[in-house]
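Colleague: In my numbering, the protein residues as written are 4 to 265. The beta-carbon is built from N, C-alpha and C at its ideal position, and this holds for glycine as well. A quick note: this is a predicted structure, and the numbers were derived from the prediction, not measured.
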Amino acid sequence: MESLIRAAAASLGDAVRTNRKVSEVRARRQLRDAGPRLVGARSFTVVSESEPIEADAVVLAGPASESADLIRPFEPEAARQLNGIATAPLAVVCLGYDDAAVRAERGPLNGFGFLVPRGEGPRILGALWESSIYSGRAPAGKALLRVMIGGATDRDAVDLDDPRLVDIVREDLRRTMGIRVTPEFIHVVRHGRGIPQYTIGHAARLARIEARLREHPGLILAGNSYRGVSINACIEDAPAVARQVAIHLRRMPALLDYAAAR
């Protein structure tokens, strides 16, 4: 995932600025027209750690709660709706093993991994056999497993300390995969705001958010809080987001001409 993003950023050169925390987005009304097509235009100022950036369009692609914080000063109702999109916390326990030792206990890790339905017994949500899925994820002769625990039905798991999380994960891997060997590498990552939850009423909430954002042409939401949680869903949504930006920018000269005529 990181390699994909770094490559995309590098291909854009100076057109993209990374590692700049945005603290505020300001919207300023430029004009309003009561006609059937031109409903308004706003320019935006994006306040970051470096210098403010003036923009005709802004795409907020972070988690819904962070986008809510950015737009709350000028759009409190949309911010309230965004904060209504729940997330499920998740902990990820990465375990590295000697590949020969794993093979001796359960055979080669040929596959993607597995998921655990609730009610089956193990507490973990599933395990990805990282070094089998992707090359270069572990040194030669080693095996890497990435185990997920927590989620909407086990929110307390993310608050367990590292030793307890590792004990639970190792016991569940023993039950599901027969792995008893001691891992040579352990790394725990916690995502307090993990996977977005499309609860009952999600579609109606999105409609209310979009209705409010029509008052701010050029302000667009993207990311996995809205129309699909996976990276595939975000990629599929990207052309539609780009079209929204392009349509808005094409309309900007007409809006500015209209403002000058007024």
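Out of R140, R215, V161 and S14, which one is the CA nearest neighbour of I198?
Modeller: For the purposes of this step, residue 198 is taken as the residue at position 195 of the sequence shown. Comparing Cα-Cα distances from I198 to each of R140, R215, V161 and S14, the minimum goes to V161.
Colleague: Rounded to whole angstroms, what is the Cα-Cα separation between A210 and F77?
Modeller: On the sequence shown, position 207 is the one that residue 210 refers to. On the sequence shown, position 74 is the one that residue 77 refers to. In a straight line, the C-alpha of A210 is about 19 Å away from that of F77.
Colleague: Can you tell me which residues form a DSSP beta bridge with I198?
Modeller: Taking the first residue of the sequence shown as 1, we reach residue 198 at position 195. DSSP lists A91 as the bridge partner or partners of I198.
Colleague: From D175 to R126, what distance separates their C-alpha atoms?
Modeller: Along the sequence shown, one-based indexing puts residue 175 at 172. Along the sequence shown, one-based indexing puts residue 126 at 123. One alpha carbon belongs to D175, the other to R126, and they sit about 7 Å apart.
Colleague: Would you list the one or two residues that DSSP bridges to C97?
Modeller: Indexing the sequence shown from 1 puts residue 97 at position 94. R149 and H190, per the DSSP bridge assignment.
Colleague: Based on Cα-Cα distance, which residue from E108, D72, L98 and S135 lies nearest to G116?
Modeller: Taking the sequence shown and counting its residues from 1, the one referred to as residue 116 is at position 113. Checked all of E108, D72, L98 and S135; the closest Cα to G116 is S135.
Colleague: Considering just the uninterrupted stretch of the alpha helix (DSSP H) at L128, what are its terminal residues?
Modeller: On the sequence shown, position 125 is the one that residue 128 refers to. Unbroken run through L128: none, as it is neither H nor E.
Colleague: Could you spell out where the beta strand (DSSP E) holding L112 opens and where it closes?
Modeller: By 1-based counting over the sequence shown, the position of residue 112 is 109. First-last for L112: undefined, no H or E at that position.
Colleague: Can you name, in chain order, every residue of its own chain whose Cβ lies under 6 Å from the Cβ of E80, other than the five neighbours on each side?
Modeller: In the sequence shown, residue 80 corresponds to position 77, counting from 1. Take E80, set aside five residues on each side of it, and the residues of its chain with a beta-carbon closer than 6 Å to its own are R215, in chain order.
Colleague: Just tell me which of R23, N22 and S46 has its CA closest to the CA of R31.
Modeller: Counted from its first residue, the sequence shown places residue 31 at position 28. Of the candidates R23, N22 and S46, the one whose C-alpha sits nearest the C-alpha of R31 is S46.
Colleague: Using C-beta distances below 7 Å, list every residue in its chain close to E27, excluding the 5 sequence neighbours before and after it, in chain order.
Modeller: For the purposes of this step, residue 27 is identified with residue 24 of the sequence shown, where counting begins at 1. Same-chain partners within the cutoff: V50 and L73.
Colleague: Under 8 Å Cβ to Cβ from I212, same chain only, skipping five residues before and after it: list those, please.
Modeller: Here residue 212 is taken as the residue at index 209 of the sequence shown, counted from 1. A81, Q84, L85 and L224, listed in sequence order.
Colleague: So is Y100 buried or exposed if we call it buried at 16+ other beta carbons inside 10 Å?
Modeller: For the purposes of this step, residue 100 is identified with residue 97 of the sequence shown, where counting begins at 1. Buried, since its Cβ has 16 or more Cβ neighbours within 10 Å.
Colleague: Check whether the stretch 141-152 touches the stretch 100-114, counting contact only when three or more Cβ pairs, one atom from each stretch, lie closer than 8 Å.
Modeller: yes
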